[in-house]
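Asker: For the sequence shown, the UniProt record's numbering begins at 1 and goes up steadily by one.
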Amino acid sequence: MLNNDILRQVRYALDLRDNQLPALLRDGGLDPEGVDFRALLAREDEEGFRPCNDKVLAALLDGVIVLRRGRRDDAPPPAPLSGRLSNNLILKKLRIAFELKQEDVQQLLADAGLLMTESELGAFFRKPGHKHYRECGDQVLRNLLRALSARLRPAA
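#1: Could you tell me how far apart the beta carbons of D62 and P78 are, in whole angstroms, since I believe they sit closer than 8 Å?
#2: Helix or strand or just coil, what does DSSP make of G137?
#3: Can you tell me whether F124 is helix, strand or coil according to DSSP?
#4: Do you know how far the Cα of P51 is from the Cα of V35?
#5: Short check: CB of L57 to CB of I96, under 9 Å?
#6: How do the stretch 83 to 102 and the stretch 110 to 129 stand: do at least 3 beta-carbon pairs fall below 8 Å, yes or no?
#7: Taking 9 Å as the threshold (C-beta atoms), are L108 and A147 in contact?
#8: May I have the straight-line CA-CA distance separating K93 from I65, to the nearest angstrom?
#9: Report yes if the CB atom of L145 is closer than 9 Å to the CB atom of A13, and no otherwise.
#10: Between E47, P76, R84, L41, which lies nearest to K55 when the distance is taken from Cα to Cα?
#11: Cα-Cα, which of A23, L40, V10 is closest to N4?
#12: Any chance you could list the alpha helix (DSSP H) runs of at least 4 consecutive residues sitting entirely within the stretch 53 to 109, in chain order?
#13: What separation, rounded to the nearest whole angstrom, lies between the Cα atoms of A123 and D74?
#14: Evaluate R38 with the Cβ neighbour count: other Cβ atoms within 10 Å of its Cβ, from every protein chain shown; 16 or more gives buried, anything less gives exposed.
#15: Among R8, L16, L24, which one has its Cα closest to the Cα of F49?
#16: By alpha-carbon positions, which one of E44, L30, L24 ends up nearest to R68?
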């Protein structure tokens, strides 16, 4: 799943305007100077499309955590991403931002038609290298984002 798709889905779920995205990026610990959000929000086949890199998406998700939960006074600013942003890390950040418990994530996935057991879901939140760790696939992340959007923005 492209980072741009995740960015669009999160933006849609939270009903964010374009002018709110730089503040989210700043809250996530990245300077928004030089980031062309219009190009990042464009679809792959549209003119002006530019792929969203892992660092920008990670900072934006950290900004969503601050937006939804507030800034903790005793917490250090989010550390910049070192390495690759995996679907597992995106899932963890979404779970933190929307204060989702394991049962909530299971229910969201069930609402999207994807049934998972507690152990299957728990494997996504384990550290890489753990014997029960499992890579989160694009389908799981896509279904979670759709169900989250449907929950936060019910059809009128």
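Quick reminder that beta carbons are idealized off the backbone N, C-alpha and C, glycines included.
Only a predicted model underlies this, so the values are computations on that prediction, with no experimental measurement involved.
Answerer: Concretely, from the data shown:
#1: 4 Å
#2: coil
#3: helix
#4: 11 Å
#5: no
#6: yes
#7: yes
#8: 7 Å
#9: yes
#10: R84
#11: L40
#12: 54 to 69, 87 to 97
#13: 30 Å
#14: exposed
#15: R8
#16: L24
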